[in-house]
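Enquirer: Quick one: this structure, given as structure tokens, is what I'll be asking you about.
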Amino acid sequence: MKIKLQYYFGGFLGIIFVVLVVLAVFFWAAPATFPVGSMFSLKNGSGLTKLSQELSSHNLIKSEFWFKTFVVLFSGSKGIKAGDYVLSLKQNVITLAKRFTNGEFDLVPVKITFPEGLNIFEMAKIISGKFTKINSADFITQASSAEGYLFPDTYLFLPNVSSEEIIRVMKDNFQKRILTLDPQIKSFNKPLFDIIKIASIVEEEARTDESRRIVAGILWKRLSINMPLQVDSSFKYINGKTTSNLTLDDLKIDSPYNSYIHKGLPPTPISNPGLASISATVTPIKTDYLYFLSDKIGNMHYAKTYAEHLRNKELYL
2 MKIKLQYYFG GFLGIIFVVL VVLAVFFWAA PATFPVGSMF SLKNGSGLTK LSQELSSHNL
62 IKSEFWFKTF VVLFSGSKGI KAGDYVLSLK QNVITLAKRF TNGEFDLVPV KITFPEGLNI
122 FEMAKIISGK FTKINSADFI TQASSAEGYL FPDTYLFLPN VSSEEIIRVM KDNFQKRILT
182 LDPQIKSFNK PLFDIIKIAS IVEEEARTDE SRRIVAGILW KRLSINMPLQ VDSSFKYING
242 KTTSNLTLDD LKIDSPYNSY IHKGLPPTPI SNPGLASISA TVTPIKTDYL YFLSDKIGNM
302 HYAKTYAEHL RNKELYL
């Protein structure tokens, strides 16, 4: 009799084991198409049935029944907690039920660096690749009026950050950092929006402190004599091209950012400059030069006349 009982008990355990394996594989395990690296947003007022349906439709769970069962087991009367849940790893239905009942959002700050000289279109590509809730078009729309004032720096943002929040933080940083140049800006006696427009060009055209100040002096001089700024860097804002791949047809594009055919400053800055370029813009070096170009290895060459400038082109480009 004892042997029979052990036999039946062993068979019962075997059945239980098989059942658990079936449940684990076919109902509790994460789906093969689990969206790793995404974020799931649960709004206030969402019921358990609706949440289960959404998780299933987004390939986060295999069984709505078992998800609801585990939520009830874990939460009792507490229910589920609204918020943004980061899905950095594949997780089974048991783990997800526990997370949604305890409000385990896993919102780890994301480090993001914006180098000097990026425009909002380039920033949008970086941001949309880091934050799943932001797309490029949304950021560009929100940031269009802030071009030039999004300070290049390293930031920490939560993964559920909005475009508006990123823009606000970067603009606030600009206001704080620009205070270090306040005496020079005030003594230069030009509007800040003009200074930032020139600084955004200087950022794109020059690389050293001295060349930035010389180029700034040339640009301010061109403005003072009503000469077009004639800078290639503005075309990155028009069609994404740089000096090396510009054509004569490009120079004829009728855009307000085309500084070859339109005199004066562009409608907005063409990039977001750093402090070095802003400082150089308000402390320009006055020279006899009216032209400049950067050769293929980044060395700057200046000219007083257009004829000299053409010769520099032949020699260095």
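Using our numbering, the first residue of the sequence shown is number 2, and each one after it goes up by one. Ideal Cβ placement from N, Cα and C applies to all residues, glycine included.
#1: Using a threshold of 8 Å, state whether the C-beta atoms of Asp-85 and Asn-136 are closer than that.
#2: What span of residues does the alpha helix (DSSP H) with Met-171 cover, start to end?
#3: Return the chain-ordered ranges of every beta strand (DSSP E) run that is complete within the segment 98 to 135 and spans a minimum of 3 residues.
#4: Which word fits Asp-173, buried or exposed, when buried means at least 16 other C-beta atoms lie within 10 angstroms of its C-beta?
#5: Closer than 8 Å is the cut-off here; do at least three beta carbon pairs connect the segment 253 to 269 with the segment 191 to 199?
#6: Is Phe-347 buried or exposed, if buried means 16 or more other CB atoms sit within 10 Å of its CB?
#7: Please report how far the alpha carbon of Ala-33 lies from the alpha carbon of Gln-92, in whole angstroms.
#8: Helix, strand or coil for His-310 per DSSP?
#9: What is the rounded straight-line gap between the Cα of Glu-165 and the Cα of Lys-131?
#10: Let me check understanding here. Comparing Cα to Cα, which of Ile-279, Ser-212, Arg-208 and Tyr-307 lies closest to Phe-152?
#11: Taking C-beta to C-beta, are Ala-83 and Leu-43 nearer than 8 Å?
#12: Unbroken alpha helix (DSSP H) runs of length 4 or more, entirely within the segment 186 to 254: which are they?
#13: CB Ile-62 to CB Val-72, shorter than 8 Å?
#14: Considering only C-alpha positions, which residue in the set Ser-64, Ser-47, Met-301 and Gly-149 is nearest to Gly-118?
#15: Just to confirm, are Pro-110 and Phe-158 a CB contact at a threshold of 8 Å?
#16: So what does DSSP say about Ala-147, is it helix, strand or coil?
#17: Within the continuous alpha helix (DSSP H) that includes Thr-284, where are the two ends?
#18: Could you say which of Glu-205, Leu-90 and Ser-146 lies nearest to Gly-275 if we only look at CA atoms?
Expert: So, from the listed chains and residues:
#1: As a working note, residue 85 is residue 84 in the sequence shown. As a working note, residue 136 is residue 135 in the sequence shown. Cβ atoms of Asp-85 and Asn-136: not closer than 8 Å.
#2: For the purposes of this step, residue 171 is identified with residue 170 of the sequence shown, where counting begins at 1. Segment 164 to 179, the alpha helix (DSSP H) holding Met-171.
#3: 111 to 114
#4: Here residue 173 refers to the residue found at position 172 of the sequence shown. When all chains shown are included, Asp-173 counts as exposed.
#5: yes
#6: No statement about residue 347 is possible, as the shown extent of the chain runs from 2 to 318 and does not include it.
#7: In the sequence shown, residue 33 corresponds to position 32, counting from 1. In the sequence shown, residue 92 corresponds to position 91, counting from 1. The alpha-carbon atoms of Ala-33 and Gln-92 are separated by roughly 11 Å.
#8: Along the sequence shown, one-based indexing puts residue 310 at 309. The answer is helix: DSSP assigns His-310 an H, G or I state.
#9: Within the sequence shown, residue 165 is the residue found at index 164, counting from 1. Within the sequence shown, residue 131 is the residue found at index 130, counting from 1. Near 15 Å, if we compare the C-alpha coordinates of Lys-131 and Glu-165.
#10: Taking the sequence shown and counting its residues from 1, one reaches residue 152 at position 151. Closest by alpha carbon: Ile-279.
#11: Sequence index remark: in the sequence shown, residue 83 carries index 82 (1-based). Sequence index remark: in the sequence shown, residue 43 carries index 42 (1-based). Result yes, Cβ atoms of Ala-83 and Leu-43 sit closer than 8 Å.
#12: 193 to 206, 210 to 225 and 236 to 239
#13: Here the question's residue 62 lines up with position 61 in the sequence shown. Here the question's residue 72 lines up with position 71 in the sequence shown. No.
#14: Position 117 of the sequence shown, counted from the start, is the residue given in the question as residue 118. When each option's Cα is compared against that of Gly-118, the closest is Gly-149.
#15: Translated into the one-based positions of the sequence shown, residue 110 becomes position 109. Translated into the one-based positions of the sequence shown, residue 158 becomes position 157. For Pro-110 and Phe-158, yes; Cβs fall inside 8 Å.
#16: Position 146 of the sequence shown, counted from the first residue, corresponds to residue 147. Here Ala-147 sits in helix by DSSP.
#17: As a working note, residue 284 is residue 283 in the sequence shown. Per DSSP, Thr-284 belongs to no alpha helix (DSSP H) and is neither H nor E.
#18: Here residue 275 is taken as the residue at index 274 of the sequence shown, counted from 1. Per the Cα distances, Glu-205.
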